[in-house]
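Step one of this worksheet: look at the structure below.
Protein chains: 2
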Amino acid sequence: MDGDNETQKRIASSDGCSSCSFRNSGLCAVVIGINPGTNHCRKIDGAFRARQHVYRAGEAPGRIMVLREGWAAKSAFTPDGKRQVLSILLPGDTVGGELVMRSEARTHVQALTPIKYCAFDIDELMASSKHEPKFVWALVGLCSTSREASESRLVDLGRRNAAQRIVSFILEVFERLTKRGLADGATIPFPLRQHIIADALGLTQVHVSRIITALRKRGAIRLTGGKLTILDMGLLLSDV
Amino acid sequence: MDGDNETQKRIASSDGCSSCSFRNSGLCAVVIGINPGTNHCRKIDGAFRARQHVYRAGEAPGRIMVLREGWAAKSAFTPDGKRQVLSILLPGDTVGGELVMRSEARTHVQALTPIKYCAFDIDELMASSKHEPKFVWALVGLCSTSREASESRLVDLGRRNAAQRIVSFILEVFERLTKRGLADGATIPFPLRQHIIADALGLTQVHVSRIITALRKRGAIRLTGGKLTILDMGLLLSDV
DNA sequence: CGGTTGGTTGATATTATTCAATGGTCGTGG
DNA sequence: CCACGACCATTGAATAATATCAACCAACCG
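Line by line, the protein sequences give chains U and X.
Per this note's numbering, residue 4 is the first one in the first sequence, and the count goes up by one each step.
Per this note's numbering, residue 4 is the first one in the second sequence, and the count goes up by one each step.
And the structure:
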């Protein structure tokens, strides 16, 4: 589908955590809490270029990652090659939480922009934390959050039309970025191609184009140069 | 939407577990393992009639249940009242696992047939098991399984047509029942109304009717009297 | 400069919905 | 036993939503 060659550069920086804005949230907070001291838990920093695969279905990456910068998409493919994007991964998101339960990935994760991540070795993590209820609860939290996200996407795909899906998709991304402090008022970074949005929402790129054009003409949003601004929330919600 | 009156009968049978076919699987096995002895963990047996709500979004049922008999559906509703069935619950399934993370339900669970269940009080369960890694891992397992199910449904809704969705839905149910020993060869109980199937797959009841009719005419399945038989797996898969 | 990627637009085709009518099944009460 | 109502399934015709096909444009990059 796209010939990338898995050449992520790995930087052996033993602790970028102190400067990381996600050190106090999600998985990182728990891991750092459980393995205190300077060298909480061995990890590897790394990066991928836009469009590279982080891992593919069937692979066993053996590590769980936290996105530090950039966006990625987790997707599944039908036997006849159609793609369904299961979730959009934003900075601060955990990638590969599923690998704790089954070492072999069933989904593909692909970088949508250049990304930087930090990775924990699953075996080590399990060895040191398997019996730590705090750690396991963190996994429950991660899984539960992403299940809720899948379920609300399910409602979108099953029972809402194209315009409603796109609006609720935009709002979801908007809120997630805002919570992480990555929004600038009503403006968020929005590097997604229409094709990805289409594959996330069960639509075609052409149809996504039409609807986004309509939203723009209506004056509900501005979307240029990888930035999206919500100009009028009322108008945006007018057909949801 | 439907005037039911929550009149579940509660039978104070302190231990139906010894005769329960699900005592060695899923949540029950873990709870029994953690709280050994005759009275492993206080629980309540109960029943609902077909169509009754087990709980509604916004309620805090305060207990987690295991379905012993009968089928149920977990659904969400859009603001304009459309229903999306998130999952079909079969005998042996855990109902309300989500309530461990947030006490207030965000989904509705409704009995599709008369059901019997057995319920654990969440507070008690948490008090005795919160720090038991085995218990928490069981939650990870439950959540993870249902997330995978949501995700594969997501692929159906996003990227497959009506016929493909219906076939894969039938096969999913077939496999789940078979795993639990509730199938009789190629025949399974199938008490689902077309309207429920439609709401699970993002279709209309009318369209479900057409497609099932087509599957019957083609000789792929037999479906009468609440029983479904797969007559020809090849034919069934011919448009998937 | 030419190739590639991403986006827009129009014409047309397909898929699924909506509306509407009809018949079957099942339980309940006379 | 039959009549009744509630629920469920089937079918046809008309319509709406979305996909497909195809052309074109703009931006970007080596």
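Where a beta carbon is used, it is the ideal one built from N, C-alpha and C, also for glycine.
Q: From the DSSP output, in three-state form, read off U/LEU102 for me.
A: Numbered from 1 along the first sequence, position 99 holds the residue referred to as residue 102 of chain U. Helix at U/LEU102.
Q | Three-pair Cβ contact test at 8 Å for the region 215-224 of chain U versus the region 79-87 of chain U | A | no
Q) Would a C-beta distance cut-off of 9 Å place X/ARG66 and X/ASP48 closer than the cut-off? A) The residue you call residue 66 of chain X lines up with position 63 of the second sequence. The residue you call residue 48 of chain X lines up with position 45 of the second sequence. The answer is no: Cβ separation not under 9 Å.
Q. Hey, does U/GLN87 have any beta-carbon neighbour from chain X nearer than 9 Å?
A. For this step, residue 87 of chain U is matched to residue 84 along the first sequence. Cβ-Cβ to chain X under 9 Å: yes for U/GLN87.
Q) For X/ARG52 versus X/PRO136, is the C-beta distance shorter than 9 Å? A) Here the question's residue 52 of chain X lines up with position 49 in the second sequence. Here the question's residue 136 of chain X lines up with position 133 in the second sequence. Taking 9 Å as the Cβ cut-off, X/ARG52 and X/PRO136 do not qualify as a contacting pair.
Q: Entirely within the region 107-143 of chain U and at least 4 residues each: give me those alpha helix (DSSP H) ranges in chain order.
A: 125-132
Q: From the DSSP output, in three-state form, read off X/ALA32 for me.
A: Working through the second sequence from its first residue, we reach residue 32 of chain X at position 29. The answer is helix: DSSP assigns X/ALA32 an H, G or I state.
Q.
I want to verify the contact list: residues of chain U whose CB lies under 9 Å from the CB of X/PRO136, in sequence order.
A. Within the second sequence, residue 136 of chain X is the residue found at index 133, counting from 1. Within 9 Å Cβ-Cβ: LYS133, HIS134, GLU135, PRO136, PHE138 and VAL139.
Q. First and last residue of the alpha helix (DSSP H) that includes X/PHE177?
A. The residue you call residue 177 of chain X lines up with position 174 of the second sequence. Per DSSP, X/PHE177 belongs to the alpha helix (DSSP H) from 165-182.
Q.
Please tell me whether U/ALA108 has its Cβ less than 9 Å away from any Cβ of chain X.
A. Mapped onto the first sequence, residue 108 of chain U falls at position 105. Cβ-Cβ to chain X under 9 Å: no for U/ALA108.
Q: Could you have a look at X/GLY161 and say whether DSSP puts it in helix, strand or coil?
A: Counted from its first residue, the second sequence places residue 161 of chain X at position 158. Three-state result, X/GLY161: helix.
Q: Please decide whether U/GLY237 counts as near chain X, where near means a Cβ-Cβ distance under 9 Å.
A: Reading the first sequence from its first residue, position 234 is the one you call residue 237 of chain U. So no, U/GLY237 is outside the interface.
Q) Among X/CYS121, X/GLY237, X/VAL98 and X/ASN164, which has the Cα closest to the Cα of X/HIS201? A) Taking the first residue of the second sequence as position 1, residue 201 of chain X is located at position 198. As written in the sequence, residue 201 of chain X is Ala, which differs from the His given in the question. The shortest Cα separation from X/ALA201 among X/CYS121, X/GLY237, X/VAL98 and X/ASN164 belongs to X/ASN164.
Q. Taking the Cβ atom as the reference point for each residue, do U/VAL112 and U/HIS198 lie within a distance shorter than 9 Å?
A. Looking up residue 112 of chain U in the first sequence gives position 109. Looking up residue 198 of chain U in the first sequence gives position 195. Contact: no.
Q: Would you list, in chain order, the members of the region 96-125 of chain U that have their beta-carbon closer than 9 Å to a beta-carbon of chain X?
A: GLY100, GLU101, VAL103, MET104, ARG105, ARG109 and THR110
Q) In terms of residues, what are the limits of the beta strand (DSSP E) holding X/ASP48? A) By 1-based counting over the second sequence, the position of residue 48 of chain X is 45. Start and end: 46-51.
Q | Exposed unless 16 or more other CB atoms sit within 10 angstroms - verdict on X/GLU154 | A | Position 151 of the second sequence, counted from the first residue, corresponds to residue 154 of chain X. Buried: at least 16 other Cβ atoms inside 10 Å.
Q. Under 9 Å between the Cβ atoms of U/VAL211 and U/ILE169?
A. For this step, residue 211 of chain U is matched to residue 208 along the first sequence. For this step, residue 169 of chain U is matched to residue 166 along the first sequence. The answer is yes: Cβ separation under 9 Å.
(Q) With distance defined between alpha-carbon atoms, name the residue in X/GLY184, X/LEU231, X/LEU174 and X/GLY161 nearest to X/PRO194. (A) Counted from its first residue, the second sequence places residue 194 of chain X at position 191. The residue with the shortest Cα to Cα distance from X/PRO194 is X/LEU231.
Q.
I need the boundaries of the beta strand (DSSP E) containing U/SER78, first residue and last residue.
A. Translated into positions along the first sequence, residue 78 of chain U becomes position 75. Residues 75-80.
Q. By the criterion of Cβ-Cβ separation under 7 Å, what are the contact partners of U/LEU30 in chain X?
A. Along the first sequence, one-based indexing puts residue 30 of chain U at 27. Neighbours of U/LEU30 on chain X: none; closest Cβ ~13 Å, over 7 Å.
Q. What's the gap between the Cα of U/ASP242 and the Cα of X/LEU239?
A. Sequence index remark: in the first sequence, residue 242 of chain U carries index 239 (1-based). Sequence index remark: in the second sequence, residue 239 of chain X carries index 236 (1-based). Each residue's Cα considered, the two are about 39 Å apart.
Q) Given a limit of 7 Å on CB to CB distance, which residues of the region 60-87 of chain U reach chain X? A) ALA79, THR81, LYS85 and GLN87
Q: Taking C-beta pairs closer than 8 Å, name the residues in chain U that X/LEU160 reaches, listed in chain order.
A: Residue 160 of chain X sits at position 157 when you count from the first residue of the second sequence. Correct list: LEU157, LEU160, GLY161 and GLY205.
Q. Hey, does U/THR41 have any beta-carbon neighbour from chain X nearer than 9 Å?
A. Taking the first residue of the first sequence as 1, we reach residue 41 of chain U at position 38. With a pLDDT of only 46 at U/THR41, under 50, the local geometry of the prediction cannot be trusted, and the value read off the model is given with reservation. Judged by the 9 Å Cβ criterion, U/THR41 is not in contact with chain X.
Q | Interface flag, U/ARG225 vs chain X, CB-CB below 9 Å | A | Counting from one through the first sequence, the residue named residue 225 of chain U turns up at place 222. Chain X, which has no Cβ nearer than 9 Å to the Cβ of U/ARG225, makes this no.
(Q) Considering only the alpha carbon of each residue, which of X/VAL158, X/GLU107 and X/ARG213 lies closest to U/LYS85? (A) Working through the first sequence from its first residue, we reach residue 85 of chain U at position 82. The option with the nearest alpha carbon to U/LYS85 is X/VAL158.
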